[in-house]
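Visitor: Position 133 of the sequence shown, counting from 1, maps to 132 under numbering that gives the first Met the number 0, and the rest follow consecutively.
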Amino acid sequence: MRLISWNCCDAFERKFGHLERLRPDVAVISEVRPECLRSAALLERSIWIGDPGQKGLAIIPYGDWRIAAEGPKIAEKWFAPVRLSNGVETLQIVGAWLDTNADCVYPTLTALDHLESFLAAGPTILAGDFNQSVVFDTRHREGRRFQDVLERLARTQLASAWHTHTGEAQGSEKSATLYWRFDKDKPFHIDYVFYPAEVFDLVSVSLGTYEQYVETKISDHVPLIADLVRRSAAIR
0 MRLISWNCCD
10 AFERKFGHLE
20 RLRPDVAVIS
30 EVRPECLRSA
40 ALLERSIWIG
50 DPGQKGLAII
60 PYGDWRIAAE
70 GPKIAEKWFA
80 PVRLSNGVET
90 LQIVGAWLDT
100 NADCVYPTLT
110 ALDHLESFLA
120 AGPTILAGDF
130 NQSVVFDTRH
140 REGRRFQDVL
150 ERLARTQLAS
160 AWHTHTGEAQ
170 GSEKSATLYW
180 RFDKDKPFHI
190 DYVFYPAEVF
200 DLVSVSLGTY
210 EQYVETKISD
220 HVPLIADLVR
230 RSAAIR
């Protein structure tokens, strides 16, 4: 399965071709409007959450994958839990897009509290634009740090695909997922795919390039692409 997390920076109706050339099985797209999904003929197969008239968060399944059921409603902005099926196997996805106008850590921890039963119900991948990094933790007090989120996810047996694949430590990434306001000199790694390593083998993880996505003004974020294979013993 190929899962892609990408903050498209709005105007998705002009950009979805860039996503589809990457051949996703499931895409978690931030800063997308429902009318843009409709223009791309993707709204009916997707789930979208957000405020009316504003950018929001979408989960888009491709191929045989379909949304089988929605998970619990989460008050924190924005988390979208869904259950997917391709007719043979099922998978749970939680899409995330955190609002930088507010503290990002506390709502993430609160959402994880509300998602506890959902996460325990089956193998779950958590992906999206978290707008968080341990490099920001010095600004925050204990309990409001991204390290607290990472520790919570580790207790839930969810590992970062990028960091597992590269062996890089959190906060020491050599590649960025965001170039703040299209500035190459302001790189940050704030987009993630967290997966259950006991259920999936991680085949590869890659990022789009600055030259392809940012320099061309497609988005100031690049796609994070994770290829996962479910172990046969774990299929259900």
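For glycine and all other residues, C-beta sits at the position ideal for the given N, C-alpha and C.
Fair warning: this is a prediction, and the values are worked out from it, not measured in the lab.
(1) Beta-carbon within less than 7 angstroms of Leu157's beta-carbon, same chain only, minus the 5 sequence neighbours each way: which residues are those?
(2) Might you give, ordered along the chain, the residues of its own chain that have their beta carbon closer than 6 angstroms to the beta carbon of Leu111, omitting 5 neighbours on each side?
(3) Could you please give the first and the last residue of the uninterrupted beta strand (DSSP E) stretch that includes Tyr191?
(4) If I measure Cβ to Cβ from Thr109 and keep anything under 7 angstroms in the same chain, skipping five residues before and after, which residues do I get?
(5) With DSSP collapsed to three states, give me the class of His164.
(6) Where Phe199 and Val228 are concerned, what is the direct C-alpha to C-alpha distance, given to the nearest angstrom?
(7) What's the C-alpha gap between Leu201 and Arg230?
(8) Using C-beta distances below 6 angstroms, list every residue in its chain close to Asp190, excluding the 5 sequence neighbours before and after it, in chain order.
(9) If you check the beta carbons only, do Arg32 and Gln53 fall under 9 angstroms apart?
(10) Check this for me: beta carbons of Thr165 and Val204, under 9 angstroms apart or not?
(11) Relative to the C-alpha of Asp136, which residue among Thr163, Val27, Gly170 is closest?
(12) Between Leu90 and Thr123, what straight-line distance do the alpha-carbon atoms span, to the nearest angstrom?
(13) Hey, out of Leu206, Arg140, Tyr212, whose CA is closest to Phe181's CA?
(14) Arg229 by DSSP, collapsed to three states: which one?
(15) Are there three or more Cβ pairs, one per stretch, closer than 8 angstroms when the stretch 95-108 is compared with the stretch 58-65?
(16) From the DSSP output, which residues share a beta bridge with Gly94?
(17) With a CB to CB cut of under 8 angstroms and the five nearest residues on each side skipped, what residues in its chain are close to Ile66?
(18) Using C-beta distances below 6 angstroms, list every residue in its chain close to Glu172, excluding the 5 sequence neighbours before and after it, in chain order.
Guide: In terms of the structure at hand:
(1) If you number the sequence shown from 1, residue 157 lands on position 158. Leaving aside the five residues that flank Leu157 on each side, the residues in its chain whose CB is nearer than 7 angstroms to its CB run, in chain order, Leu125, Phe193, Tyr194, Pro195.
(2) Along the sequence shown, one-based indexing puts residue 111 at 112. These residues qualify, in order along the chain: Arg151.
(3) Locating residue 191 in the sequence shown gives position 192, where the first residue counts as 1. 190-195 is the span of the beta strand (DSSP E), which, as asked, contains Tyr191.
(4) For this step, residue 109 is matched to residue 110 along the sequence shown. Cβ neighbours of Thr109 beyond the five flanking positions: Glu75.
(5) Numbered from its first residue, the sequence shown carries residue 164 at position 165. Helix at His164.
(6) Taking the sequence shown and counting its residues from 1, one reaches residue 199 at position 200. Taking the sequence shown and counting its residues from 1, one reaches residue 228 at position 229. Each residue's Cα considered, the two are about 5 angstroms apart.
(7) Here residue 201 refers to the residue found at position 202 of the sequence shown. Here residue 230 refers to the residue found at position 231 of the sequence shown. So the two alpha carbons sit approximately 10 angstroms from each other.
(8) Numbered from 1 along the sequence shown, position 191 holds the residue referred to as residue 190. Closer than 6 angstroms at Cβ, skipping near neighbours: Ser4, Asp128, Thr176, Leu223.
(9) Locating residue 32 in the sequence shown gives position 33, counting from the first residue. Locating residue 53 in the sequence shown gives position 54, counting from the first residue. Yes, they are a contact pair.
(10) Reading the sequence shown from its first residue, position 166 is the one you call residue 165. Reading the sequence shown from its first residue, position 205 is the one you call residue 204. Closer than 9 angstroms, so yes.
(11) Along the sequence shown, read from residue 1 onward, the residue named residue 136 stands at position 137. Ranking the options by Cα distance to Asp136, first place goes to Gly170.
(12) Counting from 1 along the sequence shown, the entry for residue 90 is found at position 91. Counting from 1 along the sequence shown, the entry for residue 123 is found at position 124. If you take the alpha carbons of Leu90 and Thr123, they lie about 6 angstroms apart.
(13) The sequence position of residue 181 within the sequence shown is 182, counting from 1. Cα-wise, what sits closest to Phe181 is Tyr212.
(14) In the sequence shown, residue 229 corresponds to position 230, counting from 1. Arg229: strand per DSSP, three-state reduction.
(15) no
(16) Working through the sequence shown from its first residue, we reach residue 94 at position 95. Ala79, Ala126, per the DSSP bridge assignment.
(17) For the purposes of this step, residue 66 is identified with residue 67 of the sequence shown, where counting begins at 1. Once the five neighbours on either side are set aside, the close Cβ partners of Ile66 are Arg44, Ser45, Ile46, Ile58, Pro60, Val81, Arg82, Leu83.
(18) Counting from 1 along the sequence shown, the entry for residue 172 is found at position 173. So the qualifying residues of the chain are His188.
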